[in-house]
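2 protein chains.
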Amino acid sequence: MGLEQEDVEKLDQIVRRNRPLHRGDHLFREGSPFQALYIVKTGSVKTYAPSEEGGEQVLGFHLPGELIGLDAIENERHNCSAKVLETSAVCEIPFGEFEELSTRIPSLQHQMYRLLSREIGHDEEMLTLLGKKNAEERLAAFLLSLSKRFKRRGFSPSDFYLSMSRHEIGSYLGLAVETVSRLFTRFQEEGLLKVERKHIQLLDIDRLRGILDRDANRGSRRQST
Amino acid sequence: MGLEQEDVEKLDQIVRRNRPLHRGDHLFREGSPFQALYIVKTGSVKTYAPSEEGGEQVLGFHLPGELIGLDAIENERHNCSAKVLETSAVCEIPFGEFEELSTRIPSLQHQMYRLLSREIGHDEEMLTLLGKKNAEERLAAFLLSLSKRFKRRGFSPSDFYLSMSRHEIGSYLGLAVETVSRLFTRFQEEGLLKVERKHIQLLDIDRLRGILDRDANRGSRRQST
DNA sequence: AGTCACTGTTGATCTGCATCAAGTTCCTTT
DNA sequence: AAAGGAACTTGATGCAGATCAACAGTGACT
């Protein structure tokens, strides 16, 4: 990421590699004190905001290479919970040590600014998704996002397993479980993908993208400046 | 914010105070190169993601003391546009200089991490708002947020002017203009507030809060783990 | 003072998705 | 292998809020 070899080593020294976590384990819970950032090495993690009696809003799904816990820096408490979706390896970066290191390595500080900024940008994209897009567009965007992220990490961008439930997808996208289920069925009927429970094969990524573009136009007759 | 006097002065030296901006002026536009962060001194600014033919998703309203442009650090381009809603004074902080300064002042770096983190936390709250709350709750949350922010800056928390249009509020909250308008009328009928065009008086803040809490429960029968 | 354009309000109607209901399949436990 | 319960699917129905339509208030520019 633009760091010198020796800097990488210093960073490497403060990273803690824990033993693997299992489905259902928590990295942290809402309200617990903030001590470290986490990086997913393998597997996947969801973050979510629990509400009083058991309800939850899923805030994100985190795949290998992605950082978790950035929203806790501000008030030194976690604002959301993080739960492991499948057997996963997760590294821990004690934030105090990291911060101290980043004062001494400007490029590390720079990367950290960028990472935080990227997270903000991503959240803003989600705001547009939830504010303006219909169900179909939301699911298409979700699948394309997964596809892109798998691809970046060297996995197949068109053939993968979902580690999250339909319910969790629905919560993330602001949709009911039933709607998600029906959309998968419909997308399959239309030849966009093949779905068998958790196993997804994207058959026509271009047409999936088309769903997004098409409706980006549709939605803009109202809501204009 | 926990900075030493001399550090404040150093920061002060790189801040640029521009002449006042007027309604409709842009601080920056989507796609333009990122050069500085902006702080609202007086007035208000909206950030929004323009879509092809004139549509837009309002991403935020920024009041005095609030920072704008954090989402542009990552790829050194702005991902959204920022437009002034009323005559406003806005300071500019050239990011290159700021970043350099923050490598030399650890507490400044710390504050910057916190600010970025706070923004992420705020966006995540908005995700929950858009994902799970109904129209009534959204508007209540919006008004309470404004109230809190005015209060913090020493303005009245219960009597203020909206610098944004109903349309912009609707876009921000993922609602149609008409819905926003009807809700204002309803809230007024219920004695929650008094509204006369842009002038708002909150008459029963506790009951407004109640709207949020009440429905936090209501919404959680579904969407449970 | 009159015209125009914009912003906001209100009423009527429509619709996408939530909700309710009833299976079916899969997975875990014993 | 049986039983119980998640997770998922599919169909029927309902409703919150979008959309359509009409109009009123406001302010800017002649």
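Protein chains in written order, with my numbering: chain D, 966 to 1190; chain U, 966 to 1190. Glycine included, C-beta positions come from ideal geometry on N, C-alpha and C. Because the structure is a prediction, the values reported are computed rather than measured.
Task: chain U residues whose Cβ lies nearer than 7 Å to that of His1075 (chain D) - done: Glu1064
Open item on the list: Closer than 8 Å is the cut-off here; do at least three beta carbon pairs connect the stretch 1034-1041 of chain D with the stretch 992-1005 of chain U?
Closed with: no
TODO: Please name the residue in U:Gly1119, U:Gly1139, U:Ile1134 whose C-alpha comes closest to that of Gly1096 (chain U).
DONE: U:Gly1139
Open item on the list: Would you say Ala1054 (chain D) lies against chain U (beta-carbon separation less than 8 Å)?
Closed with: no
- [ ] Spell out the partners DSSP gives Thr1012 (chain D) in its beta bridges.
- [x] D:Gly1025, D:Ala1047
Task: Contact set between Thr1150 (chain U) and chain D, taken where Cβ atoms lie within less than 8 Å - done: Residues of chain D passing the Cβ test: none, with the nearest at roughly 20 Å.
Task: Assumed close pair Ser1112 (chain D), Ile1170 (chain D) - CB separation to whole angstroms, cut-off 8 Å - done: 7 Å
Task: Buried versus exposed call for Ser1121 (chain D) [16 or more other C-beta atoms within 10 Å across all chains shown] - done: exposed
Task: Residue nearest to Arg1114 (chain D) in terms of C-alpha spacing, selected from D:Ala1014, D:Leu992, D:Gly1030 - done: D:Gly1030
Open item on the list: Assess contact between the stretch 1068-1080 of chain U and the stretch 971-980 of chain U, defined as three or more Cβ pairs (one per stretch) separated by less than 8 Å. Is contact present?
Closed with: yes
Open item on the list: Taking DSSP's pairing of strands, which residues face Leu1158 (chain D) in a bridge?
Closed with: D:Leu1167
Open item on the list: I'd like to know whether the C-beta of Tyr1003 (chain D) is nearer than 8 Å to at least one C-beta of chain U.
Closed with: no
TODO: Tell me, please, whether the stretch 1084-1091 of chain U touches the stretch 981-990 of chain U by the rule of three or more beta-carbon pairs shorter than 8 Å.
DONE: no
Task: Residue closest to Gly1025 (chain D), alpha-carbon to alpha-carbon, out of D:Glu1017, D:Ser1016, D:Thr1012 - done: D:Thr1012
Task: Under 9 Å by beta carbon: chain U residues contacting Gly916 (chain D) - done: There is no way to answer for residue 916 (chain D), as the model of chain D reaches only from 966 to 1190.
Open item on the list: Going by beta-carbon coordinates alone, are Tyr960 (chain D) and Val1023 (chain D) separated by less than 8 Å?
Closed with: The structure shown does not extend to residue 960 (chain D), since chain D is modelled only from 966 through 1190, so no value can be given for it.
Task: Cβ-Cβ separation, Leu1148 (chain U) to Leu1197 (chain U) (assumed contact under 8 Å), whole Å - done: The structure shown has nothing for residue 1197 (chain U), since chain U only spans 966 to 1190.
- [ ] Go ahead and pull the three-state DSSP assignment for Pro985 (chain U).
- [x] coil
Open item on the list: Quick check on the DSSP output: what are the complete alpha helix (DSSP H) runs of length 4 or more inside the stretch 1050-1101 of chain D, in order along the chain?
Closed with: 1060-1069, 1071-1097
Open item on the list: Tell me which residue opens and which closes the alpha helix (DSSP H) that Leu1138 (chain U) is part of.
Closed with: 1131-1138
- [ ] Starting from Asp1124 (chain U), follow its DSSP beta bridges and name the residues at the other end.
- [x] U:Gln1166
Open item on the list: Check this for me: beta carbons of Leu1168 (chain U) and Leu1081 (chain D), under 8 Å apart or not?
Closed with: no
Open item on the list: Against chain D, which members of the stretch 1106-1136 of chain U pass a CB distance test of less than 8 Å?
Closed with: His1132, Gly1135, Ser1136
TODO: Specify the secondary structure class of Phe999 (chain U) as computed by DSSP and reduced to three states.
DONE: coil
Task: In DSSP terms, what Val1142 (chain D) is bridged to - done: Val1142 (chain D) is not bridged to any residue.
Open item on the list: Tell me the rounded alpha-carbon separation between Glu1018 (chain U) and Phe1063 (chain U).
Closed with: 36 Å
Open item on the list: If the criterion is Cβ atoms closer than 8 Å, does the pair Arg1033 (chain D) and Ala1014 (chain D) meet it?
Closed with: The sequence given here has Ile at residue 1033 (chain D), not Arg. Cβ atoms of Ile1033 (chain D) and Ala1014 (chain D): not closer than 8 Å.
Task: Close-in-space but distant-in-sequence residues of the same chain around Asp1106 (chain D) (CB under 8 Å, 5 per side omitted) - done: According to the sequence as given, residue 1106 (chain D) is Ala; it is not Asp. Counting only Cβ-Cβ distances below 8 Å, and skipping sequence neighbours, we find Leu1094, Lys1098, Leu1177.
Open item on the list: Quick check on Glu971 (chain D) - is its C-beta less than 8 Å from some C-beta in chain U?
Closed with: no
Open item on the list: To the nearest angstrom, how far is the alpha carbon of Glu1051 (chain U) from that of Gly967 (chain D)?
Closed with: 42 Å
Task: Contacts of Glu1089 (chain U) in chain D (Cβ-Cβ under 8 Å) - done: Ala1014, Leu1024, Asp1036, Asn1044, Cys1045, Asp1088
TODO: Specify the secondary structure class of Ile1004 (chain D) as computed by DSSP and reduced to three states.
DONE: strand
- [ ] Quickly, what does DSSP pair Leu1109 (chain U) with across the bridge? List them, please.
- [x] Paired residue(s): none; Leu1109 (chain U) is not in a bridge.
TODO: Compare the C-beta of Ile1085 (chain U) with all C-beta atoms of chain D and state if any pair is closer than 8 Å.
DONE: yes
Task: Ile1033 (chain U) - partner residues in DSSP beta bridges - done: U:Tyr1003
Open item on the list: On the CB-based measure, 16 or more other CB atoms within 10 Å of its CB, does His1043 (chain U) come out buried or exposed?
Closed with: buried
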